[in-house]
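This report concerns only the one structure given below.
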Amino acid sequence: MIDVHVHLRDFEESYKETIESGTKAAIHGGVTTVFDMPNTKPPIMDERTLKMREYIFRKKSYADYALGFLIAGNEPSKNADFYKIFMGASTGGIYSRNFKEDYSKAPGIVSVHAEDYELIRRYPNRPPIVEIRAIEKALSASKEVKKKLHICHVSTKEGIELILKDKLEWVSFEVTPHHLFLTKKDFEKNKLLKVYPPLRDEEHRRYLWEKLKHVPIIASDHAPHTIEDKEAGAAGLPELETELHLLLDAVNKGLLTLKDVVEKTSLNPARIFGLKNKGFEEGKDADLIIVDMKKEWVVKPENFYTKAGWSPYEGWKIRGKVIMTILRGEVVMENDEIIGKPRGERVVREGQA
214 MIDVHVHLRD FEESYKETIE SGTKAAIHGG VTTVFDMPNT KPPIMDERTL
264 KMREYIFRKK SYADYALGFL IAGNEPSKNA DFYKIFMGAS TGGIYSRNFK
314 EDYSKAPGIV SVHAEDYELI RRYPNRPPIV EIRAIEKALS ASKEVKKKLH
364 ICHVSTKEGI ELILKDKLEW VSFEVTPHHL FLTKKDFEKN KLLKVYPPLR
414 DEEHRRYLWE KLKHVPIIAS DHAPHTIEDK EAGAAGLPEL ETELHLLLDA
464 VNKGLLTLKD VVEKTSLNPA RIFGLKNKGF EEGKDADLII VDMKKEWVVK
514 PENFYTKAGW SPYEGWKIRG KVIMTILRGE VVMENDEIIG KPRGERVVRE
564 GQA
């Protein structure tokens, strides 16, 4: 399983998550490759910080990884695996003032957080128009630039409609588990569920399911914070250890198929992001997960490896469990136990040796 949207914190925010704890959480949840988001503290916006990040991954990562680079007016490194642009402030507060210019100079595929910074100032609760306007701008720029663009965590009916209407072959997008399984009503009951983009009304959630066959990627947007930080208003949810399990439960309920899960969490991410060594063809890495579709269990954060210490789905009864994770032919997790030392490797992109 390839998760193209993961915040692993570390650096000055190691108390929230580290590369070690986060990648343990990943393989515990059946995720064998993580895409590391660069809005860290300090942010990954220069060559030195990128190299520092890679050094930690080499030493501490239990999963394979792709390294991201943040663009917001700075010159991008050519040594990253993907590039991230925020159209509006999120965790870290850094965003692009000129999306088209930053997108144009990216050396590779761009993952964009589509929330319009001007509208965020006017509407701090980030209603649907904040996302919709940003997606409009991103698609408009993409029609001129014509470079690979991946739109993160689309949460609105209108956002999905805009992307599907344009049918730009170089544009992809993702939806998240929390926008598929939670709504604004859940947030009203539990303020820890604050996230950007925010949880939406049932109409939007239902529409994501209706159009799921057209959604190329499901990604977690794993964004851990301590409970204390959440109570103080931090936005983001821990998802790595529940993401796949929620989808397996949905398969058992007939909402999608195992083939859908494989396509949206493995095959499509490898193809869209140009991962040369990932997939199910002969010669690709033997990254496999074994699941028990009949096993029933209850979500208990104390059994997780993430440092977050809580889960949006605490107490949920799930049917379907990852019982073994295999990374490049080696068993790295079995029956909730991490096996062996860190052995994660950096992904190989198309065009690399």
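In the working numbering, the protein residues as written are 214 to 566. Each residue gets a CB set at the ideal place from its N, CA and C atoms; glycine is no exception.
As assigned by DSSP and simplified to three states, the class of residue i
i	result
V428	coil
V560	coil
V408	coil
T538	strand
L450	strand
I551	strand
K381	In the sequence on display, residue 381 carries Leu and not Lys. DSSP places L381 in coil when its eight states are reduced to three.
D216	strand
P544	Here the sequence assigns Val to residue 544, which means Pro is not the residue at that position. In this structure, V544 counts as strand in the three-state DSSP scheme.
E226	strand
H417	helix
H392	helix
L471	helix
S234	helix
R346	helix
N465	helix
R335	helix
E441	helix
K497	coil
K397	helix
W523	coil
P482	helix
G372	helix
N403	coil
K477	helix
P518	Note that residue 518 is Tyr in the sequence shown, not Pro. In the structure shown, Y518 sits in coil (DSSP, three-state: anything other than H, G, I, E or B).
P340	coil
Paired residues, beta bridge with residue i - DSSP
i	result
W510	I531
A279	F248
I502	T538
S353	S353 is not bridged to any residue.
I364	V325 and F386
H435	V219 and L450
L488	R562
Beta-carbon proximity of residue i to residue j, cut-off 8 Å
i	j	result
L540	R559	no
P341	R413	yes
T262	P255	yes
A521	P451	yes
V388	L421	yes
Y275	I551	yes
S368	T455	no
V216	A238	The identity of residue 216 in the sequence shown is Asp, whereas the question assumes Val. No.
V325	L352	no
K477	P429	yes
E267	L280	yes
K489	E509	no
V504	G533	yes
Y526	V535	no
E214	V244	The amino acid at residue 214 is misidentified as Glu; the sequence shows Met. Result yes, Cβ atoms of M214 and V244 sit closer than 8 Å.
D223	I269	yes
G449	H458	no
F486	I322	yes
E391	V408	A small correction: the amino acid at residue 391 is His; Glu does not occupy that position in the sequence shown. Taking 8 Å as the Cβ cut-off, H391 and V408 qualify as a contacting pair.
L395	L406	yes
Y330	A354	no
Cβ neighbour criterion (16 or more within 10 Å) applied to residue i
i	result
N403	exposed
I440	exposed
P337	exposed
H363	buried
M334	Looking at the sequence shown, residue 334 is not Met but Arg. R334 is exposed by the Cβ-count criterion.
H427	exposed
R310	exposed
S317	exposed
E230	buried
L460	buried
Y228	exposed
F493	exposed
A327	buried
V343	buried
A445	exposed
N481	buried
T470	exposed
N292	exposed
K380	exposed
L283	buried
Any non-hydrogen atom of the ligand HEM closer than 7 Å to residue i Cβ
i	result
A347	The ligand HEM is not part of this structure, which contains no ligands at all.
Which whole runs of the alpha helix (DSSP H) in the stretch 249-328 are 4 residues long or more, in chain order? Within the stretch 249-328, the complete alpha helix (DSSP H) runs of at least 4 residues are 260-273 and 312-318.
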